[in-house]
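Visitor:
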Amino acid sequence: MKNLLVMTPGPTEVHEDVLNAMAERATNPDLDLAFYEKYLGVVNKFKKIVKTNNTSYILGGEGILGLEAACASLIEFGDRVLCIANGIFGEGFADFAKMFGAEVVIYRGDTERGIDIVDLEKFLKKDSNFKLTTVVHCETPSGIVNPIEPICKLLRDKNILSVVDAVSSIGGEYIDTDKWGIDILLGGSQKCFSAPVGLAPLCISDKAMDIIQNRKTLVVGYYNNLKVWKTWYEDKWFPYSQLINNIMAFDKALDRCLEKDFVSIHKKYADAVRKAFINCGFELFPKSHFSNTITAVKMPEGISFRTLFTDLKKEGVLIGGGFDFLKDKIFRIGHMGENCDLEKFTFLFKAMDKVFLQNKIKLESSILEEFKKLIVS
Ligand SMILES: *Cc1c(COP(=O)(O)O)cnc(C)c1O
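With this note's numbering applied, the sequence shown corresponds to residues 5 to 381, in that order.
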């Protein structure tokens, strides 16, 4: 279908070994008991990456399914839910909570930087009567990473459950689920894991599990109902046929993540990419709290995002743009998973230098040259 290099903030490039794993002949995932062991092994690899002993499932669906499942399973009609929002995904989480009947309160932070923990603490002193709080670890649309460690510790002290959307950060940012007291941590296969789109790995604390199991009203939905997973291993029964090919690909992708110091690699690429743009005269969108996985850069004068995107596509590479309040204002590059690679970035920046030149945008230096200097040092 393509010969384009995908440098967007997810989905990311999938390694050949992972693609081959996806293409292996599959067994019947319901009836072949060996698959239950395989699935358990994949779950355990995921748990190792996010440092948890909590229960973990890998739902068969895109990352959004995890967000929906957390809301559907935890929220009962009229529950008070606090949604922390300093970006588009944070706001979107509030819509999910409302859909399942929550009385939502939104705590809004600066959209150009991470959540201010002192201010949040002040807010919670006045009102902390919430069953749960949703928070986005990495705001993918703006490249901002929120300080979830102090946020989740604060919520734990206030006895509020924390639900963290870490779809674009797991693998690229350090996460210690158990130490930080994250009650539900949500991931996706297609971001830093660089597996194909289609799986939503998550983990759930005992406390959150108890609340889900003891809810008074029925969960609305089945595919998004975390209750139905409870005895999958003991009973050798999955709530629905597992996406076995995706699971096999994900297994291989997890092996590739566990082989190396994945977070350090992400940080190294993030630092070099950001600095290269700054050295060339660009301005980054965030003022602070830069993500290890996405760089969001303000569009320079004299070129539209549409032109930049189209011209880069002609050169064989895809980048991301802004949406909602950031539409046409920024361009975004994903340095996630397999995209943290010298050859891929050389290809991207060579194309960028060319496209800016042909559109008569004067840069202070070559993005590729700056990047090369930074990535080796
Ligand atoms: C990618 C992503 C999701 C999943 O959303 P899609 O737009 O369907 O890919 C959810 N949350 C975050 C923070 C993400 O980056």
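Just so you know, even glycine gets a beta-carbon here, dropped at the ideal spot from N, CA and C.
This structure is a prediction, so every number in the text was calculated from the model and none was measured.
#1: Can you find at least 3 beta carbon pairs, one from the region 245-254 and one from the region 23-35, that sit closer than 8 Å?
#2: Quick test of your reading: Pro-145 and Ile-92, contact by CB under 8 Å. State the CB separation rounded to the nearest angstrom.
#3: What residues in its chain sit with their C-beta under 6 Å from that of Lys-49, if we drop five residues either side in the sequence?
#4: Between Leu-165 and the rest of its own chain, which residues show a CB-CB distance below 6 Å, the 5 nearest in sequence each way excluded?
#5: Using C-beta distances below 7 Å, list every residue in its chain close to Val-10, excluding the 5 sequence neighbours before and after it, in chain order.
#6: Determine the extent of the alpha helix (DSSP H) in which Ile-215 is found, giving its start and end residues.
#7: Is it true that the CB of Cys-261 sits closer than 8 Å to the CB of Ile-53?
#8: Is Val-140 close to ligand 1? I mean its beta-carbon at under 7 Å from any heavy atom of the ligand.
#9: Kindly confirm or deny that the region 341-357 and the region 261-281 touch, where touching means at least three C-beta pairs closer than 8 Å.
#10: Curious, which full-length alpha helix (DSSP H) runs of at least 4 residues does the region 300-379 contain?
#11: Which residues mark the beginning and the end of the beta strand (DSSP E) in which Val-54 is found?
#12: Classify Asn-72 as helix, strand or coil using the three-state DSSP reduction.
#13: Glu-374 to Thr-299, Cα distance in whole Å?
#14: If distances are taken between C-alpha atoms only, which option among Lys-130, Val-171 and Lys-183 comes closest to Pro-154?
#15: Going residue by residue through the region 152-184, where are the continuous beta strand (DSSP E) segments of at least 3 residues, counting only ones entirely within it?
#16: How would you label Tyr-178, buried or exposed, when you count the other beta carbons within 10 angstroms and need 16 or more for buried?
#17: Return helix, strand or coil for Cys-261, following the three-state DSSP convention.
#18: Go ahead and pull the three-state DSSP assignment for Glu-41.
Guide: Straight from the coordinates:
#1: yes
#2: 4 Å
#3: Leu-258
#4: Leu-136, Asp-187 and Ala-212
#5: Thr-16, Glu-17 and Leu-322
#6: 210-217
#7: yes
#8: yes
#9: yes
#10: 309-319 and 346-362
#11: Run containing Val-54: none; DSSP gives neither H nor E here.
#12: Checking the sequence shown, residue 72 turns out to be Glu, not Asn. Helix at Glu-72.
#13: 16 Å
#14: Lys-183
#15: 165-169
#16: exposed
#17: helix
#18: helix
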